[in-house]
Amino acid sequence: MELLINGKTVSADVESEMPLLWVLRDVLNMTGTKFGCGIAACGACTVTVDGLAVRSCVVPASSVVGKKIRTIEALGTPEKIHPLQAAWIAEQVPQCGYCQSGMLMAAAALLEKNPKPTDADIDAAMTNICRCGTYQRVRAAIKRAAGIKV
Ligand code: FES
Ligand code: FES
């Protein structure tokens, strides 16, 4: 099948039911997206599909053919980081870092839809689990990226 990932059409010779996360990591060697639980519970595998955050461990690859898939690899570059990544650095969000690519993609989807989220909006959108407990810093960084005073 052909998938549109980070603006490029990519061919992957996989079973239609293979979860998108497996296609990204094991077939395309795009390992920025993480495996945590495999049951849509933790959010480590979050990517965006047509701008919406999805948990790629439970999304069959065939269901996203023709849609715009964006992964952490395309959020920013070292030369031109995304405002969220700059805010993540400024707020010193990552601890072990394992959950953070999923956190960033969920935050990117939130700000795309809602550039000035309230605390309640952030809490509703950011359901990713962080074993290091970075939740307060994640909220602060989202507000910083959105230009909201904290
Ligand atoms: S690995 Fe997909 S939600 Fe946890
Ligand atoms: S930074 Fe360690 S799991 Fe979130």
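So for the sequence shown, full-length UniProt numbering puts the first residue at 1; every next one is plus one.
Backbone N, C-alpha and C define an ideal beta-carbon position, used for all residues, glycine too.
All values derive from a computational prediction rather than experimental measurement.
**Q.** Inter-stretch contact (C-beta, 8 Å, three-pair minimum) for the stretch 135 to 146 and the stretch 82 to 90
**A.** Output reads yes: the stretch 82 to 90 touches the stretch 135 to 146.
Q) What three-state label does DSSP hand Lys67 in the structure shown? A) Counting from 1 along the sequence shown, the entry for residue 67 is found at position 67. Reduced to three states, the DSSP call for Lys67 is coil.
Q) Just checking my contact of Cys57 with Leu21 at CB under 8 Å: how many whole Å lie between their CB atoms? A) Here the question's residue 57 lines up with position 57 in the sequence shown. Here the question's residue 21 lines up with position 21 in the sequence shown. Between Leu21 and Cys57 the Cβ distance is about 4 Å, and since that is below 8 Å, they are a contact.
Q | Cβ neighbours of Val23 in the same chain (closer than 8 Å, five flanking residues each side left out) | A | Locating residue 23 in the sequence shown gives position 23, where the first residue counts as 1. Leu3, Ala12, Val14, Ala61, listed in sequence order.
(Q) My output table needs one value for residue 172: the three-state DSSP class, helix, strand or coil. (A) Since the displayed the chain opens at 1 and closes at 150, residue 172 lies outside it and no answer follows.
Q. Any residues whose CB sits closer than 6 Å to a heavy atom of ligand 2? List them in chain order?
A. Residues lining ligand 2 by the Cβ criterion, that is a Cβ closer than 6 Å to any of its heavy atoms, are Pro94, Gln95, Cys96, Gly97, Tyr98, Cys99, Gln100, Cys130, Arg131, Cys132, Thr134 in chain order.
Q: Thinking Thr48 and Met105 are a contact (beta carbons under 8 Å), I'd like their distance in whole angstroms, please.
A: Looking up residue 48 in the sequence shown gives position 48. Looking up residue 105 in the sequence shown gives position 105. Contact holds; Cβ gap of about 6 Å.
Q: With a threshold of 7 Å, establish whether the CB of Arg25 neighbours any heavy atom of ligand 1.
A: Walking along the sequence shown from the start, residue 25 turns up at place 25. No, ligand 1 has no heavy atom inside 7 Å of this Cβ.
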